[in-house]
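J.: Sharing a structure here in structure tokens format.
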Amino acid sequence: MNNAAATASNLGFLNCESCGLLSRSAAGEHGGLCPRCGATVHFRKPDSIQRTWALVIAAAICYIPANILPVMTTITPFSRSSDTIMEGVVLLWSPTSWPLSIVVFVASVTIPLAKLIALSYLLITIQRGSIKSNRERTRLYRLVEFIGRWSMLDVFVDTFVVALVQLQPLMFVEPGPGVPFFGAVVVLTMLAATSFDPRLIWDQPEESYGQYK
Amino acid sequence: MANTNDTEQTQGIPEAMKVPKRRGRLSIVWIIPIVAAIIGGWIAVQKILNEGPTITIIFPTAEGLEAGKTKIKYNGVEVGSVTAIILSKDRKNVVATAQMAADSRDLLVEDTKFWVERPRISGGTVSGLGTLFSGAYIGMDIGKSKQERRAFVGLHEPPVVTGDVPGRFFVLQTEDLDSLDYGTPIFFRRIQVGKVVGYELDKDGQKILVKVFINAPYDQYVNHETRFWQASGIDVSLSAGGVRVQTQSIASILIGGIAFETPAIAPVSAPAAENSVFKLFRDRAEAMKLPEGEAHDYVLRFEQSVRGLEPGAPVEFRGVKIGEVVSVNVEFDPKTYRFAVPVKIRTYSKLSNIVNSDLSKLGETVTEQSFRTSVDRLVANGYRAQLQTGNLLTGALFIAFDIFPNAPKATVDWSQQPPVFPTVPGELQQIQQSLTQLVKKLEKLPLDAIGKNLLETLDTLNISLLDMDKLLKGFGSQVTPELRGALSGARRTLAAAERSLNSLDSTYAGQDAPVQQDLREALQEVARAARSLRVLADYLERNPSALLRGKK
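Chains as they are written, first to last, in this note's numbering: chain U, 1 to 213; chain H, 1001 to 1552.
This is how it looks when you write it as structure tokens:
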């Protein structure tokens, strides 16, 4: 890329994210406190890569029980059936409700996985100092950040159903142990997306690598 | 690095304040994945720890079973669930794979049983109604073995008796299953004490072996003399004592049942061993009838029609049933060109028992030989079998044993198997024979000649009668007038006689008839003489000496 592009960090300036004041970094320091509002200022988000990695890995770990454990238990006097997310998708896959099945599958299975893969891809490319297709990678990041909040669909459905279907003696629905894990996946991927600093994509390899990770 | 670009451009821009240096390079954020990993790992470990053994159960059909839904329950407690159902390799059965609970390891032993619990109505009980809605589940009965096992063959029917119930199994032999089924109740003095747990044909297909379970403590009342009978329905019997109605319970009327009892006369014996075999009788009367001894088979050859003699017909000795007819055949003897009807009978040797026991009383040891000798002696005295009519309406025959002193000499043919017992012709046959003989004699009579003679005789008789008639008529006309004269003469004579009798009467019988007067006087004299004689006798009695000394 263009090595000569002027960035705040290239010029040794720090931008306060709270009050917008531009400040110079103290000698030998990579960050500091905003002289006007006292908020923390830094060239790049501190430990961005490390934090994002941590959150992505945590989300990935939670993703496994979220899909293995049942998210909903339907109890009638004669039976008790627990369904995982994928079982729900299979259950919905019928000639009439297949669109719903697809929506659930995409929102609950595909999107969290896609987010994890996308973030991992961004982190790996930054760590390897890649300089290719920076625009696309930035767009990918925006996409991840945007869709993050929508993948709670399953948790929403679960919440509604559990709250509404409480016909105690006849039938009632209980949330399964998979729900907290699923929620954790969504929250952790959102946090990971937030802690990721997309500016790192554009930083020079020799500059970013080993310094702001 | 950033400080190296310190130029005039940056003048007037204030410097940031220093931040106290962080100690570690490793961010605190790594706690999140560590916590996530710990929770995930803990759940995984939990799952693995809770994961019990995987077992396979072979069932004839997968009806009602559903992978992932069907549970395995022991006494209503869920101990596992079916994870997969596949066809067996030979495609005759289904193999259900089940994931058991972690603590079920010691439940899965060699003789643990599995069955599919479905709604079922049998033996007076309705079971598994809950499964109507919830779907079938797999029931389980834990065995006692210590040997662990992972592959099982499921039962067709749930076991009626689960392994931990104390009691004993017995086997009942019957020819007809009737209304017996799994769970049919068994009564002892009208208390339900057990159940039918299964039945099967024996190897040659002749008998049904019914396996029953008698709960403790009632199993001790079953000994070798115990009789089992089918207690289904109502048994109404009409006897000299009136009408008797026998039933066990309402349930047994509807669904059948088995009852048992030990005859009071039977010798007291120890409780029967497990799996002892008993005969299942049709009803109580049959069961309690005879203490059955060893069965003896005989063949009886009849040379007459055995129409009405059915297998199962009674064999009696003077009205006491001692056995029954097994089969009826026809036999042709090519040497004599005669047909015979060999009837095979089976005697429950009450009689031979009596003979045997009496022999043993005499101090003889009862052997097959001595038994034969005693039977031979009986036969020599005229002990024979005979066909008799049991029912005149239906013509049903039975076989009667009795002593026929006039029977022709015969012996038992012990060389045959079964031995051939001598017979005498039946009553009807005897009557038939005498009738035949009579008819033959009648045929020999010269009836034509007799008739002719008779006719001639009658003709002669007719003529004689006519002559007689004429004679009588002549007699009337000639004799009557003379007879009349004779009669009037006789009347006159009688009148004269009357008169002479009257005069006689006046002479002797009248009040003043002379004869009467003389007689009276004579009698008075006699009375006087008697009186003086009595005075003398009295005097003599008082003074006997007067006889010698004279009256003073």
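Every residue gets a Cβ at the ideal spot worked out from N, C-alpha and C, and that includes glycine. Owing to the predicted nature of the structure, the values given are computational and were not obtained by experimental measurement.
Would you identify the three-state DSSP class for residue 1304 of chain H, choosing helix, strand or coil?
T.: coil
J.: Determine, using beta-carbon pairs with one atom in the region 138–147 of chain U and one in the region 163–170 of chain U, whether at least three such pairs fall under 8 Å.
T.: no
J.: Determine, using beta carbons only, whether residue 189 of chain U and residue 56 of chain U come nearer to each other than 9 Å.
T.: yes
J.: Indicate whether residue 183 of chain U and residue 1016 of chain H have their beta-carbon atoms separated by less than 9 Å.
T.: At the C-beta level, residue 183 of chain U and residue 1016 of chain H stay beyond 9 Å of one another.
J.: In the DSSP assignment, find the unbroken alpha helix (DSSP H) run with residue 127 of chain U in it and report its ends.
T.: Here the alpha helix (DSSP H) through residue 127 of chain U covers 111–127.
J.: Looking at chain H, is there any beta carbon in it that lies within less than 9 Å of the beta carbon of residue 47 of chain U?
T.: yes
J.: Give me the DSSP bridge partner(s) of residue 1054 of chain H.
T.: H/1099
J.: Counting Cβ pairs closer than 8 Å, one from the region 1143–1157 of chain H and one from the region 1055–1071 of chain H, do we hit at least three?
T.: Look at the beta carbons and you see the region 1143–1157 of chain H touching the region 1055–1071 of chain H: at least three pairs across the two are nearer than 8 Å.
J.: Examine the Cβ distances between the region 1103–1111 of chain H and the region 1170–1187 of chain H and report whether three or more of them are shorter than 8 Å.
T.: The answer is no - the region 1170–1187 of chain H does not touch the region 1103–1111 of chain H, with fewer than three Cβ pairs under 8 Å.
J.: Which whole-angstrom value describes the C-beta separation of residue 1325 of chain H and residue 1343 of chain H, a residue pair presumed to lie in contact below a C-beta threshold of 8 Å?
T.: Taking C-beta atoms under 8 Å as the contact rule, residue 1325 of chain H and residue 1343 of chain H qualify, at a distance of about 6 Å.
J.: Indicate the three-state DSSP secondary structure (helix, strand or coil) for residue 1450 of chain H in the structure shown.
T.: helix
J.: Take residue 76 of chain U as the anchor and find which of U/203, U/174 and U/133 has the nearest alpha-carbon.
T.: U/174
J.: Rounded to the nearest angstrom, what separates residue 1477 of chain H and residue 1488 of chain H at their Cα positions?
T.: 19 Å
J.: What does the alpha-carbon distance come out to for the pair residue 1502 of chain H and residue 1518 of chain H?
T.: 21 Å
J.: Who are residue 1140 of chain H's beta bridge partners in DSSP?
T.: H/1114
J.: Whose CA, out of H/1286, H/1271 and H/1318, lies closest to the CA of residue 1312 of chain H?
T.: H/1286
J.: Leaving out the 5 sequence neighbours to the left and right, which residues in its chain are closer than 8 Å to residue 157 of chain U when beta-carbon positions are compared?
T.: So the list reads 104, once near-sequence residues are dropped.
J.: Going by C-alpha to C-alpha distance, which of U/59, U/38, U/43 and U/180 sits closest to residue 119 of chain U?
T.: Comparing C-alpha distances from residue 119 of chain U to each of U/59, U/38, U/43 and U/180 shows the shortest one belongs to U/59.
J.: If we require 3 or more residues per run, which beta strand (DSSP E) segments fall completely within the region 1042–1092 of chain H?
T.: Scanning the region 1042–1092 of chain H from its first residue to its last, the whole beta strand (DSSP E) runs of 3-plus residues come out as 1051–1059, 1071–1074 and 1077–1087.
J.: Relative to the C-alpha of residue 1117 of chain H, which candidate in H/1089, H/1090, H/1435 and H/1065 has its C-alpha closest?
T.: H/1065
J.: Candidates H/1506, H/1329, H/1427 and H/1194: which alpha carbon is nearest residue 965 of chain H's?
T.: Chain H is shown only over 1001 to 1552; residue 965 of chain H falls outside these bounds and no answer can be derived.
J.: Quick one: grab the DSSP three-state call for residue 1528 of chain H.
T.: Look at residue 1528 of chain H here: in three-state DSSP terms it is helix.
J.: Go ahead and label residue 1467 of chain H buried or exposed: buried means 16 or more other beta carbons lie within 10 angstroms of its beta carbon, across all protein chains shown.
T.: Classification for residue 1467 of chain H: exposed.
J.: Using a Cβ-Cβ cutoff of less than 7 Å, which residues in the same chain neighbour residue 148 of chain U once the five nearest sequence positions on both sides are dropped?
T.: 115, 189, 190 and 193
J.: Starting from the C-beta of residue 1310 of chain H, find all residues in its chain whose C-beta is less than 8 Å away, skip the five residues before and the five after it, and write them out in chain order.
T.: 1325, 1328 and 1396
J.: Select from H/1398, H/1411 and H/1452 the residue whose C-alpha is nearest the C-alpha of residue 1428 of chain H.
T.: Of H/1398, H/1411 and H/1452, the residue nearest in Cα terms is H/1398.
J.: Do you know offhand how far residue 1040 of chain H's Cα is from residue 64 of chain U's?
T.: 8 Å
J.: For residue 996 of chain H, report the span of its alpha helix (DSSP H) as first-last.
T.: As displayed, chain H neither begins before 1001 nor continues past 1552, which places residue 996 of chain H out of reach and without an answer.
J.: Using beta-carbon positions only, say whether residue 1274 of chain H and residue 1188 of chain H come within less than 9 Å of one another.
T.: Taking 9 Å as the Cβ cut-off, residue 1274 of chain H and residue 1188 of chain H do not qualify as a contacting pair.
J.: Could you name the residues of chain H that residue 81 of chain U contacts, counting a contact when the two beta carbons are closer than 8 Å?
T.: 1069
J.: Which partner residues of residue 1221 of chain H appear in the DSSP bridge assignment?
T.: In the DSSP output, where bridge partners are listed per residue, residue 1221 of chain H has none listed.
J.: When you compare only the Cα positions, how much space is there between residue 1444 of chain H and residue 1432 of chain H?
T.: 19 Å
J.: For residue 1276 of chain H, go through chain U and note every residue whose CB falls closer than 9 Å to its CB, in chain order.
T.: Neighbours of residue 1276 of chain H on chain U: none; closest Cβ ~44 Å, over 9 Å.
J.: Taking buried to mean at least 16 other C-beta atoms within 10 Å of its own C-beta, is residue 42 of chain U buried or exposed?
T.: buried
J.: What number of angstroms, rounded off, separates the C-alpha of residue 1455 of chain H from the C-alpha of residue 1316 of chain H?
T.: 56 Å
J.: Could you check whether the Cβ of residue 1287 of chain H sits closer than 9 Å to any Cβ belonging to chain U?
T.: no
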